[in-house]
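Visitor: Protein sequence lines correspond, in order, to chains A and B.
So that you can map any letter, position 46 of the first sequence is 46 in the numbering used here, and since no number is skipped, the others follow by simple counting.
Add 100 to the 1-based position in the second sequence for the numbering used here, that's all there is to it.
We put the CB at the ideal spot given by N, CA and C, even for glycine.
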Amino acid sequence: QEPLTASLLAGAPPQEQKQMLGERIYPVIHEMHPTLAGKITGMLLEIDNSELLHMLESPESLHSKVEEAVAVLQAHQA
Amino acid sequence: GSNINWPPEFHPGVPWKGLQNI
Chain A
1 QEPLTASLLA
11 GAPPQEQKQM
21 LGERIYPVIH
31 EMHPTLAGKI
41 TGMLLEIDNS
51 ELLHMLESPE
61 SLHSKVEEAV
71 AVLQAHQA
Chain B
101 GSNINWPPEF
111 HPGVPWKGLQ
121 NI
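1) Taking the alpha helix (DSSP H) that K117 of chain B belongs to, which residues open and close that run?
2) So, at 6 Å on beta carbons, what are the nonlocal neighbours of I122 of chain B in its own chain, with the 5 sequence-adjacent residues on each side left out?
3) Determine the closest residue to Q1 of chain A out of A:M20, A:E16, A:P14, with distance taken between C-alpha atoms.
4) Grouping DSSP H, G and I as helix and E and B as strand, with all else coil, what is T41 of chain A?
5) Any beta-carbon of chain B closer than 8 Å to the one on E51 of chain A?
6) Mind checking whether E109 of chain B and G38 of chain A have CB atoms under 8 Å apart?
7) Beta-carbon separation of M43 of chain A and L73 of chain A under 8 Å?
8) What residues from chain B crowd round E114 of chain A, counting only those whose CB sits closer than 7 Å?
9) Give the interface partners of K39 of chain A over in chain D, defined as CB-CB distance under 7 Å, in chain order.
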């Protein structure tokens, strides 16, 4: 699978851009939290695309963002 | 009030509707 780049994203409509990003980050999140992956991905897709691209290139920042999202989700559901 | 439908859930291969209301 070729890397998702800013120029690749720029050629797609906004809704499609989020879809493309979601398809990339979902598998990573699913590895970490299989049951919450859909919701966590939905939350992270609210983040700016440029930051999402950075997170895809930097697994550490994606992981820390995922843990943040899990905490928010659990607080929301409590 | 609390929004029980938040967050929108993403499913691979399914068009994501999360931005529809923006």
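Guide: If we stick to the structure as given:
1) Along the second sequence, read from residue 1 onward, the residue named residue 117 of chain B stands at position 17. Counting along the chain, K117 of chain B falls outside any alpha helix (DSSP H), and DSSP gives it neither H nor E.
2) Numbered from its first residue, the second sequence carries residue 122 of chain B at position 22. Residue placement at I122 of chain B is flagged as unreliable, the pLDDT there being 46, under the threshold of 50; a coordinate-derived value is accordingly withheld.
3) Position 1 of the first sequence, counted from the start, is the residue given in the question as residue 1 of chain A. For the residues A:M20, A:E16, A:P14, the minimum Cα distance to Q1 of chain A belongs to A:M20.
4) As a working mapping, residue 41 of chain A is identified with position 41 in the first sequence. Helix at T41 of chain A.
5) Residue 51 of chain A sits at position 51 when you count from the first residue of the first sequence. No, E51 of chain A does not count as interfacial toward chain B.
6) Residue 109 of chain B sits at position 9 when you count from the first residue of the second sequence. Residue 38 of chain A sits at position 38 when you count from the first residue of the first sequence. For E109 of chain B and G38 of chain A, yes; Cβs fall inside 8 Å.
7) Residue 43 of chain A sits at position 43 when you count from the first residue of the first sequence. Residue 73 of chain A sits at position 73 when you count from the first residue of the first sequence. Yes. Within cutoff.
8) For chain A, the structure presents residues 1 to 78; residue 114 of chain A sits outside this window and is missing.
9) Among the protein chains in the structure shown, which are A and B, there is no chain D.
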